[in-house]
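> Reminder that position 8 of the sequence shown reads as 554 in the numbering used here, one-by-one numbering, no gaps.
We put the beta carbon where it would ideally sit given N, CA and C, even for glycine.
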Amino acid sequence: MTTKSLYKSFIIEEYQLEEEPYYVPVGDEVELFEAAYKQKLPLIFKGPTGCGKTRFVEYMS
């Protein structure tokens, strides 16, 4: 009786980013984010899937 593997292993290093995600500010979101950060105000990012919420936060970090 042999055991069959039910999963495939991957080398995680093959999936690391070599460049930072691309982001271009389109309004005053950078200034608004910085003002909220300086005043320690919480933010909520709302928008449809794929509109750039995560990419903006990565850009600002």
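Should residue 602 be labelled buried (16 or more other beta-carbon atoms within 10 Å of its own) or exposed?
Buried, because 16 or more other Cβ atoms sit within 10 Å of the Cβ of residue 602.
> If you follow the alpha helix (DSSP H) that residue 566 is part of, which residue opens it and which one closes it?
Element bounds for residue 566: n/a, residue is neither H nor E.
> So, does the region 556-574 touch the region 587-605, judging by three or more C-beta pairs under 8 Å?
A contact exists between the region 556-574 and the region 587-605.
> With respect to the alpha helix (DSSP H) encompassing residue 600, which residues constitute its N-terminal and C-terminal limits?
Counting along the chain, the alpha helix (DSSP H) containing residue 600 begins and ends at 599-606.
> What first and last residue would you give for the alpha helix (DSSP H) that runs through residue 577?
It spans 575-584 - the alpha helix (DSSP H) in which residue 577 sits, taken as one unbroken run.
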